[in-house]
Each structure stands twice: as structure tokens, then as C-alpha cells.
Amino acid sequence: MLNYDVVVVGCGPAGSAAALRAAKAGKKVLAIERGPEPGSKNVSGAMIRKDYVSSVFGDGLPFEREVQRIKLSLYNGDSPVDIEFSPENLVTTGRLKFDKWLSSVAENAGAMVISKTTGLELKWENGTAKSLVTDRGEVTADAFVLAEGVNSLLSMKSGIKKDFTPDTAVQAVKEVYAVKKEDINSMFNLPDESKGLAWRFVMTDPLIAGFLYTYKDSVAVGIGSPIKELVSRKMRPEKVLDDFLDKTGLAKKFEGYSLREYSAKVIPEGGFPSMNPGKGNVYLCGDALGLVDPLTFDGISPAIASGTLAGDAAASGLSQDIYYYNLVKDPEISKIVKERPLEGRMLGTDAASGYINMLSSALNSWASGDLLGIGKIISSNFRNVMPDLIEFMTKMR
Ligand SMILES: Cc1cc2nc3c(=O)[nH]c(=O)nc-3n(C[C@H](O)[C@H](O)[C@H](O)COP(=O)(O)OP(=O)(O)OC[C@H]3O[C@@H](n4cnc5c(N)ncnc54)[C@H](O)[C@@H]3O)c2cc1C
1 MLNYDVVVVG
11 CGPAGSAAAL
21 RAAKAGKKVL
31 AIERGPEPGS
41 KNVSGAMIRK
51 DYVSSVFGDG
61 LPFEREVQRI
71 KLSLYNGDSP
81 VDIEFSPENL
91 VTTGRLKFDK
101 WLSSVAENAG
111 AMVISKTTGL
121 ELKWENGTAK
131 SLVTDRGEVT
141 ADAFVLAEGV
151 NSLLSMKSGI
161 KKDFTPDTAV
171 QAVKEVYAVK
181 KEDINSMFNL
191 PDESKGLAWR
201 FVMTDPLIAG
211 FLYTYKDSVA
221 VGIGSPIKEL
231 VSRKMRPEKV
241 LDDFLDKTGL
251 AKKFEGYSLR
261 EYSAKVIPEG
271 GFPSMNPGKG
281 NVYLCGDALG
291 LVDPLTFDGI
301 SPAIASGTLA
311 GDAAASGLSQ
321 DIYYYNLVKD
331 PEISKIVKER
341 PLEGRMLGTD
351 AASGYINMLS
361 SALNSWASGD
371 LLGIGKIISS
381 NFRNVMPDLI
391 EFMTKMR
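What the sequence shown shows, in full-length UniProt numbering, is residues 1 to 397, in sequence order.
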């Protein structure tokens, strides 16, 4: 049986960060990926913070477009209230290229990366994991990192994590359209193919958080909606996405362009720190720990942050208490954790309608020059919704 110091399961952002750190610490590291190559299970793109990713993985990040504008459209009814910001440091990237690059950096640091290999079961002795059974044989190690994403079967089988329940999860559906570079530029008013748009939407009937990202020659568009909302309204996610595309006028924009990809994923609303981040010599990180924001879909930075800490913990055999403490005090992770109560409130349909109603009334008063009206709206809603709204708008940046 082959023996390693650290075995990492999953080569997404969390797994590659863990493999990189453990390899940099001089450990003999094996990272396995069930897909044909890292990123192949995450083929579409994402919006990421370039400076943060580079601070861990170094230069050379493959990206598609620099995000020049973030547009936020808040719908309560048929017409939106739109707000635009100019962000710094945000880029869109294709997950296949991005995940492959992350794992190649880990490989260059000395980790052995093997694809087409699925971790099936950890074998335990007296609370310590001794080996990992894969579909291509068994390996032993001193420590294991489970970076298996949201469908964390090994973490659940090992009794570290419970399956999520539908009333605390968001169903996400995403489509990617192949669109010519020049057409993307004119569709979204972009100067050239180096600049991109990220568009976020919040709708209340049904409650939806939507997104659109522009890549070089494709556009990703998708929605997330609380499963309890879909169940109570007896709505199928693909129908919700179709209605969303119609309502926003995007269906018309994409008419005649081919659909390159369709995917669906569940995002749990909860996770760490209300669950243990591991057990004995096994450390969980990334989506396996529930470190993804169900409103803004921000998950790659916390995956990298937690993967880095998991790699350090596995390399030096840290206790679970210290690993827990390190996770809690990491800024990327504490941001997600701190935002959970706000998300809980925003994901309640009544609250979301209240926020958007207030904002559209205030903007209408503003447009019609009724400054007293704005004053009244803001003062009467201040206690209830203003603090949450301001917090929400700030994090959308
Ligand atoms: C619709 C949608 C849009 C999103 N957009 C963004 C965005 O724009 N920006 C952003 O920051 N985040 C975004 N996210 C969140 C982001 O995708 C995740 O938070 C991030 O990918 C988590 O990284 P990870 O490494 O923990 O898991 P993953 O990226 O899911 O990687 C896990 C890897 O483990 C492999 N694996 C699983 N089980 C096994 C096993 N048993 N054996 C071997 N390999 C295994 C998988 O094949 C996969 O490659 C989005 C999520 C969704 C659903």
C-alpha cells in the first residue's frame, strides 16, 4: 500500500490550496480528483478576487475579463431599481482553466495530483483515520484533508458532517451561452474584450438571487432560490430560471445563441462554525464546511482560505481545537460566518420584499424631487431594514 504524509480528496480551490500548503511544508502529498482533470466537474466560470487568489497561488492566474462594472437590480414587481458600482480587483475566470492552474501550482510545489480517482471510504482505528479506500486502490497517510465540495460523501460517511435539509438550502441553476466577443461587448456596453460586467439580481416573487457574468466569448447566467420557497410554490428551478430570463429581458438577448452548459447545484445556508471542521487527523475545508455565501455565491476565496489552513493543520498534525480557532479568526472565513444572520433575514421572503420596497420608494421620491418623502421613508424604516440593507449593499461590492 502506498504511504503519504497528507492525502487530499478533491482538487477544487480548497483541495489545491491544502495540497500546496502541505507540499510547501515539505510533506509527501497526494491529491486525488474524481473528474477526468481538476475543474472538469466545475466547467463553467466564476467571479473571483484576483489579489487574494494570487496572494496564495502566486502570479499567472488565468482570467477572462476584468470586471469593470457591477450592476445590482432589485425587483419588487416588474421593474427593477438599478445600482452600479465600479469594483476593483474582480475578474471572471473559467473554472476548468482556473482549477487546472491551481492544481498545477500545487504540483509544482511537489504534490502528486491524480485525476480519475474517487475517494470512497476512510478506514479508522481508535478515532484516527489510517487509510483511504479509492476506486483505484488504498493509500495510507498521517493526515487527510476532505475538500470534496458540497456533496461531501466521505465527510458524511465519517460522521463529521450531517446531510443538509431542504429547509436550509438554496437550489442554484446556471446556464452558459456561447456568445461572440463583439456581441458581448455591445450587449452589455463594454469597451472591449478585456472588460466585463457582473450583474446581480434580487427578486421577491418568488425569492431569487440571480447573477450574470461575462467571459471572453460566453455569458453565464443563473439563479439561486431557497428550496423551501420552491417547494411551497410548487415551482421547478428550471422554470424559475426561464421566468427570470424573461422578466429581465435576458431571454431575448440570448435568442439565437447556443446553450453551452446547464448545471444545477445545492448550496447549504449553514455550516461551520455550527459543525466540527474535522475529526482526529481529518480536516474539512471549502464547500465541505459550508463556507459559501448563498446570496452572493462567494465561495472560492473562503475555500482557498480554509484549504490553506487545512493544509497547514494536516502538515503539522494540529488538534481540531486549534484548527477550529484558526478558521474562526481568518478574515475570509469570519466574513462568511458573520454574514450568516443577515443572509437568514434576507432569505426570508417578507424581509426581502420590505428591503426592496423601501429602496424603490426612496428612489422614486428622489426621482420626483420629493426629498421630504425620502426622509420619511428612511426614518420610518430605519430601525427595521436600513442596517440590513446597507450591510447587504456593502457586501454586494
Ligand atoms: C451556481 C453557482 C455559481 C457560483 N459562482 C461563484 C462565483 O462567481 N465566485 C465564487 O467565489 N464562488 C462561486 N460559487 C461557489 C464556488 O463554486 C464554491 O464555493 C467553490 O467551488 C468551493 O470550492 P471547493 O474546493 O470547496 O469545492 P469544489 O470546487 O466543488 O471542488 C470539489 C472537488 O472535489 C472533487 N471530489 C468530490 N468528491 C470527491 C471524491 N470522493 N474523490 C475525489 N474527488 C472528489 C470534485 O470533483 C471537485 O473537483 C458558485 C456556486 C454555484 C453553485
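We treat Cβ as the ideally placed atom computed from N, Cα and C, and that holds for glycine.
Please read all numbers here as calculations on a predicted model, not as lab measurements.
Spatial neighbours of residue 332 in its own chain (CB-CB distance under 7 Å, excluding positions within 5 residues in sequence) are listed in chain order as 301, 302 and 305.
Here residue 49 is bridged, per DSSP, to 90.
A straight-line Cα-Cα distance of about 14 Å links residue 218 and residue 211. Linking residue 9 to residue 103 through their CA atoms gives a straight-line distance of about 12 Å.
Cβ-Cβ distances below 7 Å link residue 23 to 29, 106, 109, 110 and 111 in the same chain, with the five nearest sequence neighbours on each side left out; the list follows chain order. Counting C-beta pairs with one atom in each stretch, the region 85-92 and the region 113-122 have fewer than three that are closer than 8 Å, which means they do not touch. In this structure, the alpha-carbon of residue 32 lies about 42 Å from that of residue 249.
In this model, residue 329 and residue 310 are separated by some 14 Å (Cα to Cα). In the three-state DSSP reduction, residue 278 falls in the strand class (E or B). If only complete runs of 4 or more residues are kept, the region 177-215 shows the alpha helix (DSSP H) at 181-187, in order along the chain. Excluding residues up to 5 positions away in sequence, 17, 304 and 308 lie with their Cβ nearer than 7 Å to the Cβ of residue 56 in the same chain.
Counting every other CB atom within 10 Å of its CB across the protein chains shown gives residue 163 a total below 16, marking it as exposed. Around the beta carbon of residue 21, 16 or more other beta carbons sit within 10 angstroms, so the residue counts as buried.
Distance from the C-beta of residue 147 to the nearest heavy atom of ligand 1 is below 8 Å. With fewer than three CB-CB distances shorter than 8 Å, the region 251-265 does not count as touching the region 120-131. A Cβ-Cβ contact shorter than 9 Å links residue 200 with residue 71. Taken atom to atom, the span from the alpha-carbon of residue 184 to that of residue 267 is near 29 Å. Beta-bridge partners of residue 144 (DSSP): 7 and 282.
Within 8 Å of the C-beta of residue 216 there is not a single heavy atom belonging to ligand 1. A distance of 9 Å or more separates the beta carbons of residue 221 and residue 181.
Counting the other Cβ atoms within 10 Å of the Cβ of residue 262 gives fewer than 16, which makes it exposed.
Per the C-alpha coordinates, the member of 69, 275, 50 and 312 positioned closest to residue 60 is 50. For residue 157, the uninterrupted alpha helix (DSSP H) segment begins and ends at 153-157.
Closest in alpha carbon position to residue 237, among 319, 73, 27 and 171, is 171.
Two segments are said to touch when three or more pairs of C-beta atoms, one from each, lie closer than 8 Å; by this definition the region 65-84 touches the region 202-211. DSSP, reduced to helix, strand and coil, places residue 256 outside both helices and strands of the structure shown, so it counts as coil. At least one heavy atom of ligand 1 falls within 8 Å of the beta-carbon of residue 213. Beyond the five residues adjoining it in sequence on each side, residue 131 comes within less than 8 Å, by CB distance, of 1, 122, 123, 138, 139, 140 and 141 in the same chain, given in chain order.
In the three-state scheme derived from DSSP, where H, G and I count as helix and E and B as strand, residue 338 is classed as helix. The beta carbon of residue 5 lies closer than 6 Å to those of 27, 28 and 142 in the same chain, with the five residues before and after it left out.
By DSSP's assignment, residue 82 forms a beta bridge with 73. Counting the other Cβ atoms within 10 Å of the Cβ of residue 231 gives fewer than 16, which makes it exposed.
Not one heavy atom of ligand 1 falls within 8 Å of the beta-carbon of residue 161. A distance below 9 Å separates the beta carbons of residue 67 and residue 195. Between ligand 1 and the CB of residue 80, the shortest heavy atom gap is not smaller than 8 Å.
A straight-line Cα-Cα distance of about 7 Å links residue 151 and residue 288.
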